[in-house]
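Take 151 as the starting number for the sequence shown in this note's numbering and just add one per residue. Backbone N, C-alpha and C define an ideal beta-carbon position, used for all residues, glycine too. Just below is one structure, and these are the notes that go with it.
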Amino acid sequence: MKFTMRKALGVAAAVTALTVALPSPAMASDSYHVMNTGDAFGGGIFDYSGEAYFTEHGDILKICDTDADGYAVKMFVSLDDAYGAPLYEFSRGGEGNCATHQASEGGAYNLPENRYIGFLFCRWKDGHDSECRAFRFYNDY
Numbered sequence: 151m152k153f154t155m156r157k158a159l160g161v162a163a164a165v166t167a168l169t170v171a172l173p174s175p176a177m178a179s180d181s182y183h184v185m186n187t188g189d190a191f192g193g194g195i196f197d198y199s200g201e202a203y204f205t206e207h208g209d210i211l212k213i214c215d216t217d218a219d220g221y222a223v224k225m226f227v228s229l230d231d232a233y234g235a236p237l238y239e240f241s242r243g244g245e246g247n248c249a250t251h252q253a254s255e256g257g258a259y260n261l262p263e264n265r266y267i268g269f270l271f272c273r274w275k276d277g278h279d280s281e282c283r284a285f286r287f288y289n290d291y
């Protein structure tokens, strides 16, 4: 059996097609969401002051302060959009510190299914927010 260039190209095309067609773990689920605050330098894209992670399964919301800038991070959670009356809010300060709430705590932390949930994630200092970013996800799990 002679290996030809045509066979080699056919194998390469098949491998490429499978690699592109198969979903990566990040694409496989739309129930995990990552959010960031604006940054200390006017909303740039690289130096976020905080990160948040929302997992629809269990309504797990984790916020983390990621910058030693003298600001905490604060999350406001609302129904339908980020600017509605908050169901709950919480904050965490100090670079590397995180806080988590989840449905198993009951009450407002058990978010309704099949409804949009709004998140307003801000830098927070002396009772005032700044560099807020709004997010909205459909909670269908």
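Helix, strand or coil at residue i [DSSP, three-state]
i	result
A218	coil
T187	coil
Spatially closest choice to residue i from the options, by CA coordinates
i	options	result
Y123	G188, L229, W274, E281	The shown model of the chain, from 151 to 291, leaves out residue 123, and the question about it has no answer.
E281	Y221, E239, N260, I267	Y221
V184	W274, G243, F269, R242	F269
A218	L211, L237, C272, G244	G244
R273	Y203, D180, I213, D209	I213
F287	L261, A249, G277	L261
D250	M225, D231, I267	First, the residue type needs correcting, since residue 250 is Thr and not Asp in the sequence shown. It is M225.
Terminal residues of the beta strand (DSSP E) in which residue i lies
i	result
E206	No beta strand (DSSP E) contains E206, which DSSP labels as neither H nor E.
D279	278 to 289
8 Å Cβ cutoff met for residue i and residue j
i	j	result
A289	E263	Rather than Ala, the amino acid found at residue 289 in this sequence is Asn. Yes, the pair counts as a contact, with Cβ atoms nearer than the cut-off.
D215	N247	yes
F285	G200	no
V223	Y238	no
Unbroken stretches of the beta strand (DSSP E), 3 residues or longer, contained in the segment 217 to 276: Entirely contained in the segment 217 to 276, the beta strand (DSSP E) runs reaching 3 residues are, in chain order, 222 to 229, 236 to 243, 248 to 251, 265 to 275.
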